[in-house]
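Remarks on the structure that follows.
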DNA sequence: CCGGTTTGGTTGAGCGTTCAACTAAACCGC
DNA sequence: GCGGTTTAGTTGAACGCTCAACCAAACCGG
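Chains as they are written, first to last, in full-length UniProt numbering: chain A, 1 to 153; chain B, 1 to 153.
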């Protein structure tokens with residue numbers, strides 16, 4: 001059967017391209033800043049953040065992947081690098097022998113603490129300083145709706 | 001001098017993480033769909049789109065990079081691949097002997113035409129179907145503001 | 001015009017991500 | 001408790017991106 005494509009009208013077109021351009025520019029900028037100032041990509045920063053917030057600064061690999069919005073494979077490679085940098089340690093799970101626990105080292109915590117102020121400043125400058133309080137609220141609602149929709153289906 | 005970090009309050013924190021999660025999930029999903037159904041990453045799709053919209057389906061490399069939101073280096077590598085696939089041809093610039101013109105081949109146009117319906121459907125399903133018309137409008141304004149702010153400074 | 005600077009574009013190395021294949025352990029129904 | 005199925009995690013190859021170095025042509029001030 002012939003399924004008609006629901007093409008985008010010109011308003012939608014414009015919205016989609018604007019979103020594409022803006023989110024790419026924002027992420028590229030923040031990623032580049034983080035790489036330059038802290039020597040780590042944003043994805044690694046986020047792994048460290050999630051670990052730092054976990055009880056005892058430890059998380060099971062799958063939970064960490066979930067929290068950091070990463071695939072298992074990606075996390076596996078990333079933790080290998082972070083471990084080589086001395087920022088994360090791998091430990092065995094006490095009861096599930098398949099499990100691995102990623103644990104943030106003191107050096108990892110220090111690296112995060114050094115990177116955080118500059119990065120947060122970047123987020124503020126490039127995102128929040130540009131938007132009105134109402135827009136910030138709108139962006140939150142839109143984002144939460146999208147995530148719900150994407151992970152729900 | 002000691003510069004105080006302007007940390008994010010909990011509302012901002014929530015907004016930032018929601019945006020991060022949503023935009024990453026959206027892009028990952030669309031990229032994966034495009035790779036699966038059309039055998040090309042989203043960045044390559046966008047190059048083909050911009051070429052297809054240009055007069056005579058030709059653009060100078062720098063203009064194409066600008067239009068596709070890509071670095072020169074990235075575009076150079078990408079066009080090399082697209083040329084190997086037979087989707088794009090490189091031609092010499094008539095007056096500026098440094099210049100290169102990227103030209104969309106018929107095969108490239110056909111590949112784009114085959115990929116477009118599925119991708120557009122994905123954009124509609126994952127983005128527009130989830131948002132109210134008002135939210136679409138908000139997202140456009142927010143995105144345009146952000147882009148202006150990012151490229152202006 | 002001549003030499004320095006800017007612009008256009010490419011190149012290769014290094015890195016991070018993806019995908020598919022794989023191992024090992026836990027779970028589950030009978 | 002045995003055999004099939006999930007679940008947890010790793011691995012290596014292929015690929016795309018970034019960064020810095022680079023070449024060549026155009027531009028520009030004196």
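Ideal Cβ placement from N, Cα and C applies to all residues, glycine included. Please read these numbers as outputs of a predicted model, since none were measured by experiment.
Return the chain-ordered list of same chain residues with a C-beta closer than 8 Å to the C-beta of residue i, the five sequence neighbours on each side being excluded.
i	result
residue 69(A)	46
residue 122(A)	29, 30, 33, 34
residue 60(A)	93, 99, 100, 101, 102
residue 57(B)	51, 103, 104, 109
residue 128(B)	136
Counting C-beta neighbours from all protein chains within 10 Å, is the total for residue i 16 or more, i.e. buried, or is it exposed?
i	result
residue 140(A)	buried
residue 16(B)	buried
residue 97(B)	exposed
residue 72(B)	exposed
residue 136(A)	buried
residue 10(A)	exposed
residue 5(B)	exposed
residue 79(B)	buried
residue 151(B)	exposed
residue 126(A)	buried
residue 22(A)	buried
residue 13(A)	exposed
Taking Cβ positions only, does residue i come closer than 8 Å to chain B?
i	result
residue 143(A)	yes
residue 69(A)	yes
residue 36(A)	no
residue 128(A)	yes
residue 149(A)	yes
residue 131(A)	yes
residue 22(A)	yes
residue 59(A)	no
residue 74(A)	no
residue 120(A)	yes
residue 146(A)	yes
Look up residue i in the DSSP assignment and say whether it is helix, strand or coil.
i	result
residue 150(A)	helix
With a CB to CB cut of under 7 Å and the five nearest residues on each side skipped, what residues in its chain are close to residue i?
i	result
residue 35(A)	41
residue 8(A)	16
residue 89(B)	83, 103, 105
Taking CB distances under 8 Å as the criterion, tell me whether residue i reaches chain A.
i	result
residue 228(B)	This structure cannot settle anything about residue 228(B), because the visible part of chain B is limited to 1 through 153.
residue 135(B)	yes
residue 65(B)	no
residue 19(B)	yes
residue 80(B)	no
residue 140(B)	yes
residue 33(B)	no
residue 25(B)	yes
residue 29(B)	yes
residue 6(B)	yes
residue 97(B)	no
residue 92(B)	no
residue 87(B)	no
residue 104(B)	no
residue 51(B)	no
residue 83(B)	no
Give me, in chain order, the residues of the same chain whose beta-carbon lies closer than 6 Å to that of residue i; leave out the 5 immediate sequence neighbours on both sides.
i	result
residue 118(B)	37
residue 131(B)	none
Checklist entry - What beta strand (DSSP E) runs, 3 residues minimum, are completely inside the UniProt domain "HTH marR-type" (12-148) of chain A? => result Secondary structure remark: continuous beta strand (DSSP E) runs of at least 3 residues inside the UniProt domain "HTH marR-type" (12-148) of chain A, in chain order: 58-60, 88-92, 100-104.
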